[in-house]
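Step one of this worksheet: look at the structure below.
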Amino acid sequence: MEYEYKVVGFKASVKARDIGSGKADTQVSVQLAAVLEETARDGWELQGQYRFGVDVKPGCIAALLGNKVSQLDIEQLVFRRPK
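Quick note on our numbering: the sequence shown kicks off at 20 and runs consecutively.
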């Protein structure tokens, strides 16, 4: 069977008070469930969550000021469905 794939960036956000009150995990779960439900309505099935390291190069002026390449982790959700 052939599949088509869809990649969606996922970055949850919580408030500091949610961390202190122990509600942060619930907030992240709700945000993730919303993405999963939205994509499932269109027939997409989650295949996995992946983290990719991305090099962020400074712009021209920042490089002249001595800024170096920094690294950023980006979370991606990968979905598939039959073609």
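From the three backbone atoms N, C-alpha and C, an ideal C-beta is built for every residue, glycine too.
| query | Under the rule that 16 or more other beta-carbon atoms within 10 Å means buried, what is Leu96, buried or exposed? | reply | buried
| query | If you follow the beta strand (DSSP E) that Val27 is part of, which residue opens it and which one closes it? | reply | 22-28
| query | Over what stretch of residues does the alpha helix (DSSP H) that includes Leu83 continue unbroken? | reply | 79-83
| request: With DSSP as the reference, please indicate the residues paired to Gly72 in a beta bridge. | output: Asp92
| said: Going by DSSP in three states, Gly67 sits in which element: helix, strand or coil? | reply: strand
| said: With H, G and I counted as helix, E and B as strand and the rest as coil, what does DSSP make of Val97? | reply: Looking at Val97 - three-state DSSP - the assignment turns out to be strand.
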